[in-house]
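**Q** Just so you know, the sequence shown maps onto residues -28 to -1, 1 to 537 in mature numbering (1 follows the signal peptide of the UniProt record, and there is no 0).
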Amino acid sequence: MKLRKRIITGFLCAGLGFGLMPATFGNAVQVSATEAQTDISLGTDVTGAIDEDGTLTISVSAESGVLDKDLFLDVTETYTYDLKKIKMADSSASLYLPEDCSNLFQNCVYVRSIDTTGWNTSNVTTMEKMFSACNYLSNLDVSGFDTSNVTDMSYMFDHCEYLRSIDVTGFDTSKVTSMNEMFESCIRLSDLDISNFDTSNVTAMGCMFDGCRVLQELDLDNFNTSNVTDMYGMFACCEKLQELDLDSFDTSKVTDMSKMFLQCKNLSKVDVSSFDTSSVIEMYAMFRYCTSLKTLDLKVFNTENVTDMEGMFEGCSSLKTLDISQFNTKNVNYMSNMFEGCYKLKTLKTPAVTGDVTTEFWTYYMDGSKNKYTSLPKNQTKSIVLYLAFNIEDANITIPKESYTYTGKAIKPTVTVEYPEYGNLTLNTDYTVKYSSNKKTGTATVTVTGKGTGFGTQTIKFNIEEAENPMVVKAKTATVKYSKLKKKSQKLKVSKVLKVSKAKGTVGYIKESGNKKIKINEKTGNVTVKKGLKKGTYKVKVEVWSCDLNYQSASIIKTFKIKVK
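1. Would you tell me roughly how many angstroms separate the C-alpha atoms of residue 538 and Val32, rounded to the nearest one?
2. Between Asp95 and Asn121, how many whole angstroms is the CB-CB distance? I'm expecting something under 8 Å.
3. Please name the residue or residues paired with Val405 in a DSSP beta bridge.
4. Measure the CB-CB distance between Gly424 and Thr401 and report whether it falls below 8 Å.
5. Locate the beta strand (DSSP E) running through Ser518, then write down its first and last residues.
6. Give a yes or no on whether the C-beta atoms belonging to Leu45 and Arg84 are separated by under 8 Å.
7. Given a cut-off of 8 Å, decide if Asp339 and Val325 are closer than it, judged by their beta-carbon atoms.
8. Leaving out five residues before and five after Tyr394 in sequence, what residues of the same chain have Cβ atoms less than 6 Å from its Cβ?
9. What is the DSSP secondary structure of Thr50, reduced to helix, strand or coil?
10. Around the Cβ of Pro323, are there at least 16 other Cβ atoms within 10 angstroms (buried) or fewer (exposed)?
11. Report yes if the C-beta distance between Gln235 and Tyr261 is below 8 Å; otherwise report no.
12. Could you please give me the residues that DSSP links to Lys57 through a beta bridge?
13. Give a yes or no on whether the C-beta atoms belonging to Arg136 and Ser162 are separated by under 8 Å.
14. Determine the direct distance from the alpha carbon of Val140 to that of Thr29, and round the result to whole angstroms.
15. If I follow the unbroken beta strand (DSSP E) through Ala36, where does it start and stop?
16. Beta strand (DSSP E) containing Val325: first to last residue?
17. So with Cβ pairs under 8 Å, would you call Asn95 a contact of chain B?
18. Mind checking Pro70: buried by the 16 CB within 10 Å criterion, or exposed?
19. In angstroms with no decimal places, state the Cα-to-Cα distance between Asp248 and Met232.
20. Return the CA-CA distance between Met128 and Glu153, expressed in angstroms with no decimal places.
21. For Leu521, count neighbouring Cβ atoms within 10 angstroms of its own Cβ and tell me buried if that reaches 16, exposed if not.
22. Measure from the alpha carbon of Lys406 to the alpha carbon of each residue in Gly414, Pro392, Ile383, then state which is nearest.
23. If contacts are defined as beta-carbon pairs under 8 Å, then Gly20 and Tyr68 qualify, I think. What distance do you get, rounded to the angstrom?
24. Give me the residue from Val252, Glu282, Thr279, Ser240 with the minimum Cα distance to Asp269.
25. Would you identify the three-state DSSP class for Phe434, choosing helix, strand or coil?
26. Check Ser473 in the structure and name its three-state DSSP category.
27. Taking a contact to mean a Cβ-Cβ separation below 8 Å, would you say Ser503 touches Ser461 in this structure?
28. Can you tell me where the beta strand (DSSP E) holding Tyr337 begins and where it ends?
29. How big is the Cα-Cα spacing for Trp517 and Phe427?
30. Between the C-alpha atoms of Tyr345 and Asn305, what's the straight-line distance to the nearest angstrom?
31. Going along the chain, which residues of its own chain have a beta-carbon closer than 6 Å to the beta-carbon of Asp170, five neighbours each way excluded?
32. Please state the DSSP three-state secondary structure of Ala241.
33. How is Glu100 classed by DSSP in three states: helix, strand or coil?
34. Classify Gly178: buried if its beta carbon has 16 or more other beta carbons within 10 angstroms, exposed otherwise.
35. How big is the Cα-Cα spacing for residue 547 and Met180?
36. For Tyr454, report the span of its alpha helix (DSSP H) as first-last.
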């Protein structure tokens, strides 16, 4: 049974929007309706005519007629490729549909409109797959259907992909036992009122709304599910549903809840707090890819008989806390990927009773004693509270830039610690940051260490580059008295010929040009004017340089003057 289920589940949510070809296509005779066909027998006092536009007109020759299922199927199979519309010739005539209406319109893949005026369905007992695979059907009025004797409505509107609304408010469903896949893959169905449904005898609701992608709300308050045993995939792929109130659901007989809410992407709230799950065996992928769910109240879940929890919460990427402390997983045989993709699940209360089967966590969890877990604990007899833990070694640590300019102060760039899939961690809650060698030029180190439920250490480096040397040099004019110079050489402090400011590090001087009797000390910049220099004005070109470990080298050439008079 499990193998069969696994094969069938592949169809859930897959390929929606692609019309299913009828099973009879392989044997169908392709006929082009270029010529009108008339007087086609369709039953007792019932004939049909097909015109060149692909319209099948049904005529009732008496006050009432009875449609023959086999004759109708033969005709629709023959004209499968051309049939676009079905209508009644006379709205006052009564057309009795056969007791068995299963697959009645299976060949109407390209039919866009079906006129149900005058149809009498009072004798119908099964409507299984009645309109199944009517992929292009956009106009269908079933509001006048008498369904008081119908017991099977499974697959009734399956893959009616162009229907935007179906008025079933007049349906008498008191005898119906199966609603499996009744509205499956009605991908454009946005309005559905089933609040009047009497489901007291229904036992099967598997995939009932599976693939109703744009359906935004469902009123199920009056649903009587006391006899339902199958809710497999019931709301799967109802991607626009935001809330589901299932408080009135009696699930005491349900054995299969696999994929019940699969891929309900926008479902932010679902009330399953009253579910009686004591009979449930299958919970495979029950909440898989419910990406908007932040909380789930499962405190009343009885899982003693459950054998399959594989992927139960997989992809619930917004779920923050989960209490499954009442779970008993002793009999569970399949549990893989149970929490895969639960990237925001920070607190997990584990099952009180676990067996030999476990499931791997997508990352680490930690208990109150800092013990680390990479999988659900086995063979437990009490619940453990686990907290999402982060191995800092696995984190993506970034700073705004790889290089910074020396400032004379400690450089502390903002650190971002992003944990794969989870998102950004919180400073001083999940990790601490320490900087070293971050004041002078060279390579600085950032050390990130786990804190709280964070553990491990990771370091990253950044460069501190030399700052621009702000040295400024201005040339001056100095005067030397000739009378003194005749007697001996004269010395001038550097400040008399140059104004050097803001220089960083060592300053040096190199004479580039000028009279040979004018000397410059390369270290101090002081000037010596040698004895014997004649009167006049002398220009001296000098290079002033400055260098430091933390600043770029600077070099400025200036020309100062010395007047001898």
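All residues carry an ideal CB built from backbone N, CA and C; glycine is no exception.
**A** A quick look at the data gives this:
1. Outside the shown range of the chain (-28 to 537) lies residue 538, about which nothing can therefore be said.
2. The sequence position of residue 95 within the sequence shown is 123, counting from 1. The sequence position of residue 121 within the sequence shown is 149, counting from 1. Rather than Asp, the amino acid found at residue 95 in this sequence is Asn. Rounded to whole angstroms, the Cβ separation of Asn95 and Asn121 is 7 Å, and the two are in contact under 8 Å.
3. For the purposes of this step, residue 405 is taken as the residue at position 433 of the sequence shown. In the DSSP output, where bridge partners are listed per residue, Val405 has Val420.
4. In the sequence shown, residue 424 corresponds to position 452, counting from 1. In the sequence shown, residue 401 corresponds to position 429, counting from 1. The Cβ-Cβ distance between Gly424 and Thr401 falls below 8 Å.
5. One-based indexing of the sequence shown puts residue 518 at position 546. Taken as a continuous stretch (DSSP letters only), the beta strand (DSSP E) holding Ser518 covers 508 to 520.
6. The sequence position of residue 45 within the sequence shown is 73, counting from 1. The sequence position of residue 84 within the sequence shown is 112, counting from 1. Cβ atoms of Leu45 and Arg84: not closer than 8 Å.
7. On the sequence shown, position 353 is the one that residue 325 refers to. On the sequence shown, position 367 is the one that residue 339 refers to. No, the pair does not count as a contact, with Cβ atoms beyond the cut-off.
8. Within the sequence shown, residue 394 is the residue found at index 422, counting from 1. The beta carbon of Tyr394 lies closer than 6 Å to those of Tyr315 in the same chain, with the five residues before and after it left out.
9. Numbered from 1 along the sequence shown, position 78 holds the residue referred to as residue 50. Three-state result, Thr50: helix.
10. Residue mapping note: residue 323 aligns to position 351 of the sequence shown, counting from 1. By the 10 Å Cβ count, Pro323 comes out buried.
11. The residue given as residue 235 occupies position 263 in the sequence shown. The residue given as residue 261 occupies position 289 in the sequence shown. Contact check for Gln235 against Tyr261 passes: the beta carbons are separated by less than 8 Å.
12. Your numbering for residue 57 matches position 85 in the sequence shown. Paired residues: Thr27, Ser85.
13. To locate residue 136, count along the sequence shown from 1; it is residue 164. To locate residue 162, count along the sequence shown from 1; it is residue 190. The answer is yes: Cβ separation under 8 Å.
14. For the purposes of this step, residue 29 is identified with residue 57 of the sequence shown, where counting begins at 1. For the purposes of this step, residue 140 is identified with residue 168 of the sequence shown, where counting begins at 1. CA-to-CA, the gap between Thr29 and Val140 works out to about 25 Å.
15. Reading the sequence shown from its first residue, position 64 is the one you call residue 36. The question names Ala, but residue 36 is Ser in the sequence shown. For Ser36, the enclosing beta strand (DSSP E) stretches over residues 36 to 39.
16. Within the sequence shown, numbered from 1, the residue matching residue 325 stands at position 353. Per DSSP, Val325 lies in no beta strand (DSSP E) segment and is marked neither H nor E.
17. Here chain B cannot be found, since the structure has a single protein chain.
18. For the purposes of this step, residue 70 is identified with residue 98 of the sequence shown, where counting begins at 1. With 16 or more Cβ atoms within 10 Å of its Cβ, Pro70 is classed as buried.
19. Locating residue 248 in the sequence shown gives position 276, counting from the first residue. Locating residue 232 in the sequence shown gives position 260, counting from the first residue. Roughly 15 Å between the two C-alpha positions.
20. Here residue 128 corresponds to residue number 156 of the sequence shown, with the count starting at 1. Here residue 153 corresponds to residue number 181 of the sequence shown, with the count starting at 1. When rounded, the separation of the alpha-carbon atoms in Met128 and Glu153 is 8 Å.
21. By one-based count along the sequence shown, residue 521 stands at place 549. With fewer than 16 Cβ atoms within 10 Å of its Cβ, Leu521 is classed as exposed.
22. Position 434 of the sequence shown, counting from 1, holds the residue named residue 406. Among Gly414, Pro392, Ile383, the Cα nearest to that of Lys406 is on Ile383.
23. The count along the sequence shown starts at 1 and reaches residue 20 at position 48. The count along the sequence shown starts at 1 and reaches residue 68 at position 96. Their Cβ separation, rounded to whole angstroms, is 15 Å, which puts Gly20 and Tyr68 out of contact at 8 Å.
24. Locating residue 269 in the sequence shown gives position 297, counting from the first residue. Closest option to Asp269, Cα to Cα, is Ser240.
25. Residue 434 sits at position 462 when you count from the first residue of the sequence shown. Reduced to three states, the DSSP call for Phe434 is strand.
26. To locate residue 473, count along the sequence shown from 1; it is residue 501. In this structure, Ser473 counts as strand in the three-state DSSP scheme.
27. Against the sequence shown, residue 503 aligns to sequence position 531. Against the sequence shown, residue 461 aligns to sequence position 489. Correcting the residue type first, residue 503 is Lys in the shown sequence and not Ser. Closer than 8 Å, so yes.
28. The count along the sequence shown starts at 1 and reaches residue 337 at position 365. Note, Tyr337: beta strand (DSSP E), 332 to 338.
29. The residue you call residue 517 lines up with position 545 of the sequence shown. The residue you call residue 427 lines up with position 455 of the sequence shown. About 51 Å.
30. What you label residue 345 is simply residue 373 of the sequence shown in a count that begins at 1. What you label residue 305 is simply residue 333 of the sequence shown in a count that begins at 1. Spanning the two alpha carbons is a distance of roughly 21 Å.
31. Numbered from 1 along the sequence shown, position 198 holds the residue referred to as residue 170. Counting only Cβ-Cβ distances below 6 Å, and skipping sequence neighbours, we find Thr145, Ser146.
32. Start at 1 with the first residue of the sequence shown, and residue 241 comes out as number 269. It is worth fixing the name first, because residue 241 is Lys in this sequence and not Ala. Note: Lys241 maps to strand in three-state DSSP.
33. Along the sequence shown, read from residue 1 onward, the residue named residue 100 stands at position 128. Looking at Glu100 - three-state DSSP - the assignment turns out to be coil, as it is neither helix nor strand.
34. If you number the sequence shown from 1, residue 178 lands on position 206. Flag for Gly178 reads buried.
35. A question about residue 547 goes unanswered here, because the residues of the chain that appear run from -28 up to 537.
36. Against the sequence shown, residue 454 aligns to sequence position 482. Residues 454 to 457.
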